[in-house]
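Visitor: Counting in this note's numbering, the sequence shown tops out at residue 641, every number present. The C-beta atom is built at its ideal place from N, Cα and C for all residues, glycine as well. It should be emphasised that the depicted structure is a prediction, and the values quoted were computed from it without experimental measurement.
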Amino acid sequence: MEYPRYNPASDNLPLSDDELNLLDDMLAALPSDAALNIEALDGYLSALLLSPRPLPELPGAAWLPTVWGGDGADGLAPFASGKQRKKLSLLVLRHLHGIACQLAQRPEAWEPIFSVAEQEDGAELVDAEDWCTGFMIAVDQDATAWEPMFERTKTAAALAPIALLGGDESQLSPDERARLQDLNWRDALSREVPESVLTLWTQRQAPQGGTD
Numbered sequence: 430m431e432y433p434r435y436n437p438a439s440d441n442l443p444l445s446d447d448e449l450n451l452l453d454d455m456l457a458a459l460p461s462d463a464a465l466n467i468e469a470l471d472g473y474l475s476a477l478l479l480s481p482r483p484l485p486e487l488p489g490a491a492w493l494p495t496v497w498g499g500d501g502a503d504g505l506a507p508f509a510s511g512k513q514r515k516k517l518s519l520l521v522l523r524h525l526h527g528i529a530c531q532l533a534q535r536p537e538a539w540e541p542i543f544s545v546a547e548q549e550d551g552a553e554l555v556d557a558e559d560w561c562t563g564f565m566i567a568v569d570q571d572a573t574a575w576e577p578m579f580e581r582t583k584t585a586a587a588l589a590p591i592a593l594l595g596g597d598e599s600q601l602s603p604d605e606r607a608r609l610q611d612l613n614w615r616d617a618l619s620r621e622v623p624e625s626v627l628t629l630w631t632q633r634q635a636p637q638g639g640t641d
C-alpha cells in the first residue's frame, strides 16, 4: 500500500473553511475510536512540523495511518474505499502544508484549532486538551528525537503546558490532576500553547535546533 509523502516544496493550497469542515466531518465519521478529531489532527500535524526530525524524512506510512486510527490488513480500514482514503489523505497533506507555510511566512498570524465554550456572561473558555493530545501522540511516536527538547530549558518550558494538557495523566502529580479540573486554569494553560508553539518553531529554525 502506497502512502503520499510530504513535500515541503509543493504549492500551498490551504484548506478553506468549508474544506476544514469537510475534513472534520470525515474524521468524525470514521468508525475507529483511535481516529483523531480535527483539533487533535491540528496538534498532531503541528508537532510533526516542530519535531527535531525533518518531516520529509518520514514516509507517509510512518505517520498518516495514525490520523485515522491505523490500517487494517487490507490497508483500507477504516475506509469504505481507496478513493475515500486518498481524499482524506490529500486534505490532511494540504492542511499540514498550510500550517507549515503559515508558521514560516506569518507565524504571528498562525492560529491553532482549539475548543472554545462561551459562558453565560459572554466570556470564552479555551480548552486545548484535544490539540495537545494530538501533539503528544506525535511526540510519543518519535520520543528519542524529542527527548533533548524536554531537557533544554527554553524548549522544556514551552512544552510544559502542552504536556500537562495532552500528556499521560498518570504521570501527573495529584495536584496537577486536581488543577486540570478547574476550567479557568485549563483556559489559562491553553492560552499559553500558541506562544509555546512559536517558541518551539523559532528554536526549530535555529542552527542545531537551538540552544538554552
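Among residues of its own chain, excluding the 5 on either side of Ser544, which ones have a beta-carbon nearer than 7 Å to its beta-carbon?
Guide: Here the question's residue 544 lines up with position 115 in the sequence shown. Glu468, Asp556, Asp559.
Visitor: For Leu442, which residues of its own chain have a beta-carbon under 7 Å away from its beta-carbon, when the five flanking residues on both sides are left out?
Guide: The residue you call residue 442 lines up with position 13 of the sequence shown. Answer for Leu442: Arg523, listed in chain order.
Visitor: Looking at the secondary structure, which residues open and close the beta strand (DSSP E) in which Ser544 lies?
Guide: Counting from one through the sequence shown, the residue named residue 544 turns up at place 115. Taken as a continuous stretch (DSSP letters only), the beta strand (DSSP E) holding Ser544 covers 544–547.
Visitor: Only counting runs of 4 or more residues, tell me where the alpha helix (DSSP H) segments fall wholly within the region 514–579, in order along the chain.
Guide: 558–570, 572–575
Visitor: Compute the Euclidean distance between the alpha carbons of Asn436 and Asp571, then round it to the nearest angstrom.
Guide: Stepping through the sequence shown from its first residue, residue 436 is reached at position 7. Stepping through the sequence shown from its first residue, residue 571 is reached at position 142. Approximately 20 Å, taken between the alpha carbons.
Visitor: Using a Cβ distance threshold of 8 Å, determine whether the region 616–631 contacts the region 589–607, with at least three qualifying pairs required.
Guide: Verdict: yes, contact present.
Visitor: Given that a residue counts as buried once 16 or more other Cβ atoms are within 10 Å of its Cβ, and exposed if not, what is Arg514?
Guide: Here the question's residue 514 lines up with position 85 in the sequence shown. With 16 or more other Cβ atoms within 10 Å, it is buried.
Visitor: For the region 470–486 against the region 561–576, are there 3 or more C-beta pairs whose distance is under 8 Å?
Guide: Touching, yes, given that three or more Cβ pairs across the two stretches are closer than 8 Å.
Visitor: Apply the 10 Å Cβ neighbour rule to Thr573 and answer buried if 16 or more other Cβ atoms are within range, or exposed otherwise.
Guide: In the sequence shown, residue 573 corresponds to position 144, counting from 1. So Thr573 counts as exposed.
Visitor: Pull up the distance between the alpha-carbon of Ala529 and that of Leu478, whole angstroms please.
Guide: Within the sequence shown, numbered from 1, the residue matching residue 529 stands at position 100. Within the sequence shown, numbered from 1, the residue matching residue 478 stands at position 49. Cα-Cα distance, rounded: 7 Å.
Visitor: Within 8 Å of any Cβ in chain B, is that where the Cβ of Gln610 sits?
Guide: Protein chains in the displayed structure number just one, and chain B is not present.
Visitor: Can you tell which of Ser461, Ala509, Glu431 has its C-alpha closest to the C-alpha of Pro488?
Guide: Counting from 1 along the sequence shown, the entry for residue 488 is found at position 59. Among Ser461, Ala509, Glu431, the Cα nearest to that of Pro488 is on Glu431.
Visitor: Would you identify the three-state DSSP class for Asp651, choosing helix, strand or coil?
Guide: Absent from the structure is residue 651, since the part of the chain shown begins at 430 and ends at 641.
Visitor: Using the rule of at least 16 other Cβ atoms within 10 Å of the residue's Cβ for burial, across every protein chain shown, is Phe508 buried or exposed?
Guide: Here residue 508 is taken as the residue at index 79 of the sequence shown, counted from 1. Phe508 is buried by the Cβ-count criterion.
Visitor: What is the DSSP secondary structure of Trp614, counted as helix, strand or coil?
Guide: Position 185 of the sequence shown, counted from the start, is the residue given in the question as residue 614. If DSSP states are grouped into helix, strand and coil, Trp614 belongs with the helices.
Visitor: Rounded to whole angstroms, what's the CA-CA distance from Glu580 to Glu547? Just pull it up for me.
Guide: Against the sequence shown, residue 580 aligns to sequence position 151. Against the sequence shown, residue 547 aligns to sequence position 118. Taking the straight line from one Cα to the other gives about 37 Å.
Visitor: If I'm right that Trp497 touches Leu459 with Cβ under 8 Å, what's the distance once you round it to whole angstroms?
Guide: The count along the sequence shown starts at 1 and reaches residue 497 at position 68. The count along the sequence shown starts at 1 and reaches residue 459 at position 30. Yes, Trp497 and Leu459 are in contact; Cβ-Cβ is about 5 Å, under 8 Å.
Visitor: Where does Arg633 fall in DSSP's three states?
Guide: Reading the sequence shown from its first residue, position 204 is the one you call residue 633. Helix, per DSSP.
Visitor: Using the Cβ count rule (16 or more neighbours within 10 Å means buried), how would you classify Thr584?
Guide: On the sequence shown, residue 584 is found 155 positions in, with the first residue counted as 1. By the 10 Å Cβ count, Thr584 comes out buried.
Visitor: Take Arg608 and list the residues in its own chain whose beta-carbon comes closer than 7 Å to its own, dropping the five residues that flank it on each side.
Guide: The residue labelled residue 608 in the question sits at position 179 within the sequence shown. Result list for Arg608: Trp614, in chain order.
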